[in-house]
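S.K.: I'd like to ask you about the structure that follows.
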Amino acid sequence: MRRSGFWFVAPFLVLYAAFLIVPMVIGLGASVTDEGITGHAGFVGAANYVELFQDPAVWSSLGHTLIFTVVSTPAIVLVGLAMALLANRATPERWLYRLAFFAPYLLPVSVVVLIWSWLYQPGFGLINDLLTRLGLKEIGWLSTDGMAMTSIVITTVWWTAGFGFLLYLAALQEIPKQLYEASALDGATPFQQLRRITLPLLSRTHQLVIVLQILASLKVFDQIYLLSGQGGIPGVRSIVQYIYESGFTRFRIGYASAISYVFFALIAVVALLHFRLTASKAER
Numbered sequence: 006m007r008r009s010g011f012w013f014v015a016p017f018l019v020l021y022a023a024f025l026i027v028p029m030v031i032g033l034g035a036s037v038t039d040e041g042i043t044g045h046a047g048f049v050g051a052a053n054y055v056e057l058f059q060d061p062a063v064w065s066s067l068g069h070t071l072i073f074t075v076v077s078t079p080a081i082v083l084v085g086l087a088m089a090l091l092a093n094r095a096t097p098e099r100w101l102y103r104l105a106f107f108a109p110y111l112l113p114v115s116v117v118v119l120i121w122s123w124l125y126q127p128g129f130g131l132i133n134d135l136l137t138r139l140g141l142k143e144i145g146w147l148s149t150d151g152m153a154m155t156s157i158v159i160t161t162v163w164w165t166a167g168f169g170f171l172l173y174l175a176a177l178q179e180i181p182k183q184l185y186e187a188s189a190l191d192g193a194t195p196f197q198q199l200r201r202i203t204l205p206l207l208s209r210t211h212q213l214v215i216v217l218q219i220l221a222s223l224k225v226f227d228q229i230y231l232l233s234g235q236g237g238i239p240g241v242r243s244i245v246q247y248i249y250e251s252g253f254t255r256f257r258i259g260y261a262s263a264i265s266y267v268f269f270a271l272i273a274v275v276a277l278l279h280f281r282l283t284a285s286k287a288e289r
């Protein structure tokens, strides 16, 4: 019986080791070398790790990533929750809400960037055209660091809020309707029902959505790289983009691997903190 169980999971274990464990070990080995594009790798010990902690570009890229995470995560969570509350209402058009709210999440990042690049264009872009029609000045959405970060956050919220929306909608449908009916008989208003019933019963979903969004935001790369013209705006460069540039533009594979492992440790700490907090609340 045990042998049959082993052979059942053996294909998964082989693929898991081949595509995750082995590359991780190879990357860890590369992080202590000066490996470049030629393939020659000389052992340098902890030199790459020492250098990255002294590299201003690492800290600035990490700072941009943290700013993006702090700004985008609450917005995505709140927008996803608001959309779920709207789509959960027993109205004939709720199917249209669900389709419209979730559809952007299904788009590939290249299509999302193409849409929003056109919207942000100076002169003929839809947003700036509306501003000029209202008698307002055009905004250089992607021309300065501050506005570029704002534009990227707006694009990301529009694109990814559908994932949180789906989780919140599923959780809302699990709340017994009798709770709302009983509270309505007691004279509770819709706002009181939201505050006293809905939000408390969504606490587990809040935790899940927030942590998943934090982890996703920390790993942001695609929309920043493409919207900024393949890294043309240094003020919005993320840490993952800097890893990419170090490895595939400057061809410092060993140095890029070292940054990757330090960043991996940061993400692991965030996940571990969430696990500990969740476990302590469950014990209570």
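Quick note on numbering: our numbering labels position 24 of the sequence shown as 29, and the sequence is numbered without any gaps. Heads up, the beta-carbon is just placed ideally off N, CA and C, and yes, glycines get one too.
Pull the bridge partners of T38 from the DSSP assignment, please.
M.R.: Note: T38 sits in a beta bridge opposite F48.
S.K.: Are the beta-carbon atoms belonging to I157 and I229 less than 9 Å from one another?
M.R.: Yes.
S.K.: Is it right to say T43 is buried, meaning 16 or more other beta carbons lie within 10 angstroms of its own, or is it exposed?
M.R.: Flag for T43 reads exposed.
S.K.: Please name the residue, chosen from L20, L213, F73 and L177, that lies closest to V162 on a Cα-to-Cα basis.
M.R.: Nearest of L20, L213, F73 and L177 to V162, Cα basis: F73.
S.K.: Quick one: which unbroken beta strand (DSSP E) runs of 3-plus residues sit fully inside the stretch 154 to 201? Chain order, please.
M.R.: Listed in chain order, nothing qualifies, since the stretch 154 to 201 has no complete beta strand (DSSP E) run of 3 or more residues.
S.K.: Output the distance between the C-alpha atoms of Q82 and H211, rounded to the nearest integer angstrom.
M.R.: The question names Gln, yet the displayed sequence has Val at residue 82. Whole-angstrom Cα-Cα distance: 8 Å.
S.K.: For L171, which residues from the same chain have a beta carbon less than 7 Å from its beta carbon, with the 5 sequence-adjacent residues on both sides left out?
M.R.: Cβ neighbours of L171 beyond the five flanking positions: F107.
S.K.: Answer with buried or exposed for L223, where buried requires no fewer than 16 other C-beta atoms within 10 angstroms of its C-beta.
M.R.: Looking at its Cβ environment, which holds 16 or more other Cβ atoms inside 10 Å, L223 is buried.
S.K.: Enumerate in chain order the residues of its own chain whose CB-to-CB distance from Y293 is below 8 Å, with the five nearest sequence positions on each side excluded.
M.R.: The structure shown does not extend to residue 293, since the chain is modelled only from 6 to 289, so the question has no answer here.
S.K.: If you draw a straight line from the alpha carbon of L33 to that of S262, how long is it in whole angstroms?
M.R.: Answer to the nearest angstrom: the Cα atoms are 7 Å apart.
S.K.: In angstroms with no decimal places, state the Cα-to-Cα distance between T203 and T155.
M.R.: If I take the Cα positions, the gap works out to 31 Å.
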